[in-house]
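Peer 1: Sharing a structure, written as structure tokens. Questions coming.
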Amino acid sequence: LEPDRPHCTSSSWQMLSVPKSWGNILGCNYTQDHGANARLNGPKAHPCEPEYDKAMQKVYGGPPPKYFYKAMKEYPSKYSMGHGKVALVTGSEFGIGFYIAKMLAGFGFEVIMTPFNMQKCLKVATNIRESVKGAKVTVPAVGLDLRSLKSCRNFVAEIRRSYSCIDVLVLNAGRGGAVNEPKMVTEDGMEEIMQVNAFANFVLCAELMPLLRKSSAARIISQSSPARFDAKSELLSDFNAETQYVGVQQYCLSKAANVLFTIALNDRLEKAGVTNIIACFCDPGFTSTGVNFQHDIGFSFLGCFEGCLSTKQLHRLAHHAADGALPAILAAVDPACKRNSWYTPAEQNIVGLPIGDAFQGDVAKSHGSNEVKKEPGNCGSEGCSWPRNSAELYWQQCEKLMGAACRFS
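Take any residue in the sequence shown, note its place counting from 1, add 119, and you have its number in my numbering.
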């Protein structure tokens, strides 16, 4: 493997693709299984389908859930439950976010979903209520599209009309990016991957801060990814991809941004004397979801010929989305959680990628795919490639680009 190869934008790299028919012969549908086309037209499984666990396997590949249902039984005796508390989970309509919402509802939280497709989201909420005894799940009347800051603000306005307090905010929603994906710009003039995965989270957090401040102990959980270790710290001044753009590179940078956001937010909370809110981050490990189809991980991350290695085949080494949800769930209920805590799968597959049950990791120590020198959570530490002011630089760009600011009073 050549680590820098996925970030190459030269025409010679694009010429390394194989004929589309080869992809079909080798076990993948090229027209659906690759990059931006997969994001728009690729295979999908939805929780409103019966037996969603199996539907995920059928569509995306990979094993069945191994730890999720065990955790659902065992966590209540180990961790703090959510009776009387409210949790808002972005991306809760499908995939990892669905499983986060399902388990938190089972733990007594009132879960606010974030409808992208209103009719499907209503069906998903019904699914959770029918499968989890006593589940309280709310679908707001206003939807949420992270590609639009106006949509973000309208959604939060609806939440603020309906709720006086938010106890847990899980910033989970996101999208992938492939090497050969064309740059897409939102109505707000921002690069779409970064807006969906990171910038919109800044706006949601800023707008929801008054409700978080009213909680006795609020948590803000940002969903990152092991892809952050491939992010280029030299792009710190260009999160909006104004000088250069490669889809998978932008995805990696957005996942580093999730961590930098957490650090900068905690710095401001501490300086403002706010003691009832902590921010932490997590990653789901190598998980069988549609985001990897959007990446076309064989091509974008492994440097394989385009079309010759199916994402579904690679998911044999991954774990189920239900298990990928566990780090975020643990971050929401673990009484030992503190500012800048990191939650991740506790095991590794045969190539060292994180899978399995969740635990609280240590960014200062090597663990599985954790690369201490490339970990943005270590910015400023000796030997780390991320400068000490990385988190501050990201925060400043957010304020400038979005014209928003977090108010802590």
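C-beta: ideal position from N, C-alpha, C; glycine also.
(1) In the structure shown, what three-state DSSP assignment does D264 receive?
(2) Nearest-angstrom Cα distance between D307 and K189?
(3) Less than 9 Å between the C-beta atoms of F405 and N468, yes or no?
(4) Measuring CB to CB, does A505 end up less than 9 Å from E490?
(5) What separation, rounded to the nearest whole angstrom, lies between the Cα atoms of C399 and L428?
(6) Please check the pair I338 and A450, which I expect to be a contact at CB under 8 Å, by giving their CB distance rounded to whole angstroms.
(7) From which residue to which residue does the beta strand (DSSP E) around W461 run?
(8) Just to confirm before moving on: does the CB-CB distance between T430 and I215 stay below 9 Å?
(9) Thinking just about the alpha-carbon of each residue, which of A391, E300, D453, C525 is nearest to the one in Y194?
(10) Taking only three categories from DSSP, how would you classify L288?
(11) Is N143 helix, strand or coil when you go by DSSP?
(12) So the beta strand (DSSP E) V256 belongs to, where does it begin and stop?
(13) What is the rounded straight-line gap between the Cα of S140 and the Cα of N299?
(14) Please report the distance separating the alpha-carbon of M175 from that of S343.
(15) Do K185 and H439 have their C-beta atoms within less than 9 Å of each other?
(16) How should P169 be labelled, buried or exposed, when 16 other C-beta atoms within 10 angstroms of its C-beta is the threshold for buried?
(17) What first and last residue would you give for the beta strand (DSSP E) that runs through R338?
(18) Kindly provide the ranges of any alpha helix (DSSP H) runs that are 4 or more residues long and lie completely inside the segment 364-452, ordered along the chain.
(19) Please identify the residue among I396, E425, F274 whose C-alpha is closest to the C-alpha of K333.
(20) Quick check on A297: does DSSP put it in helix, strand or coil?
(21) Measure the C-alpha to C-alpha separation of V482 and N497 and round it to an integer number of angstroms.
(22) So, helix, strand or coil for F478, using DSSP?
(23) Under the three-state reduction of DSSP, which class applies to P329: helix, strand or coil?
(24) If I measure Cβ to Cβ from K204 and keep anything under 6 Å in the same chain, skipping five residues before and after, which residues do I get?
(25) Round the Cβ separation of I340 and L290 to the nearest angstrom and send it over; I've been treating them as touching at under 8 Å.
(26) Kindly identify the DSSP beta-bridge partner or partners of L207.
(27) I'd like to know whether the C-beta atoms of G180 and A437 end up nearer to each other than 9 Å.
(28) What number of angstroms, rounded off, separates the C-alpha of A579 from the C-alpha of M328?
(29) Relative to the alpha-carbon of F187, which residue among Q432, A477, A244 has its alpha-carbon at the smallest distance?
(30) Does the count of Cβ pairs from the segment 236-243 and the segment 256-264 closer than 8 Å reach three?
(31) Looking at the structure shown, is P195 part of a helix, part of a strand, or coil, going by DSSP?
(32) Looking at A444: is its Cβ nearer than 9 Å to the Cβ of Y218?
(33) Are there 16 or more other CB atoms within 10 angstroms of the CB of T233, so buried, or fewer, so exposed?
(34) Once DSSP output is grouped into helix, strand and coil, what is the label at V470?
(35) Kindly indicate which three-state DSSP category E310 falls into: helix, strand or coil?
Peer 2: Per the coordinate set shown:
(1) coil
(2) 43 Å
(3) yes
(4) The residue you asked about is not Ala; residue 505 is Trp in the sequence shown. Cβ distance not < 9 Å, so W505 and E490 don't count as in contact.
(5) 35 Å
(6) According to the sequence displayed, residue 338 carries Arg and not Ile. The pair is a contact, with the Cβ atoms about 7 Å apart (cut-off 8 Å).
(7) 461-467
(8) no
(9) D453
(10) strand
(11) Reliability of the predicted coordinates at N143 is poor, the pLDDT of 44 falling under 50, and no value is obtained from them.
(12) 255-257
(13) With a pLDDT of only 41 at S140, under the threshold of 50, the placement of this residue in the model should not be trusted, and no figure is reported.
(14) 21 Å
(15) yes
(16) exposed
(17) 337-342
(18) 366-390, 409-414, 416-419, 430-433, 440-443, 445-452
(19) I396
(20) coil
(21) 7 Å
(22) strand
(23) helix
(24) F228, D286
(25) 7 Å
(26) I231, L288
(27) yes
(28) Outside the shown range of the chain, which is 120 to 528, sits residue 579, and nothing can be said about it.
(29) A477
(30) yes
(31) helix
(32) yes
(33) buried
(34) coil
(35) strand
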